[in-house]
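A short write-up of the structure that comes next.
Numbering (the working numbering), first residue to last: 30 to 281.
Following this line, the structure appears as structure tokens:
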């Protein structure tokens, strides 16, 4: 099962947090002092966060008696809002949809964590330590670390290893409760034909000729995309089953 897909799916956002903390700085080539500056939210960002969360209830949801706090929701909302704005998307027009998407993601996260723990899944300490070290390598300053912790609703590094353990437990739980995604040759060729048709339509609309890649050249990428899609479908079905077996109240 794809680890990054799982991470995004159940809302722990370790990958998302690292991308926000370190991605832009590496591209810009600025020094550590600039990185630290970028990691600190300015007064305008803080004011916007307060305004956007003023009408948000606390808790935003309750899952089998466990509350999902307004703070946890707001942190993820602001992170996603920032990403959308960087892509040139108008967040205000889709505010309600984004809020619902995030709160449902947090509910899915809580369900998966609860059921993974309930199943008694054990995680090797060495695996936890390895991921912890990988995260530390990607974070280049204390300012970045603090921003990363804040984005993931953690107050100190002491909470990071338990959170990683949760992530690995959920990953293993999903693997044990879903089937291995398989893609047939017919499915691959059908997806390739769809891609070719789209490229031809784009070329016709733009008036610019496009070079169509051969099937064998793009087969690995097409197979990976189809597998991810099937994995996502299975995760969605699993979470829907967990919701049916649980008591979930969403307040947004």
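Ideal placement from N, C-alpha and C gives every residue a C-beta, glycine not left out.
Residue pairing for residue 279: DSSP places it in a beta bridge opposite 90. One Cα belongs to residue 220, the other to residue 264, and the distance between them is close to 22 Å.
For residue 162, the enclosing alpha helix (DSSP H) starts and ends at 154–167.
Between residue 89 and residue 280, the CB-CB gap stays under 8 Å. CA-CA distance, residue 197 to residue 158, rounds to 12 Å. Nearest Cα to residue 237 within the set 244, 229 and 243: 229.
In this structure, the straight-line span from the alpha carbon of residue 203 to that of residue 266 is close to 11 Å.
Residue 245 has no beta-bridge partner at all, per DSSP. With respect to the 8 Å criterion, residue 178 and residue 170 are not classified as neighbours on the basis of their beta carbons.
Residue 269 has no beta-bridge partner at all, per DSSP.
DSSP, reduced to helix, strand and coil, places residue 238 outside both helices and strands of the structure shown, so it counts as coil. Residue 137 is positioned such that its CB atom lies closer than 8 Å to that of residue 268.
The shortest CA-to-CA distance from residue 128 to any of 145, 151, 84 and 162 is the one to 84.
Listed in chain order, the non-local C-beta contacts of residue 112 below 7 Å within the same chain number zero, local neighbours out to five positions each way being set aside.
Within a 10 Å sphere around the beta-carbon of residue 103 sit 16 or more other beta-carbons, which makes this residue buried. The residue from 97, 208 and 250 with its alpha-carbon nearest to that of residue 262 is 208.
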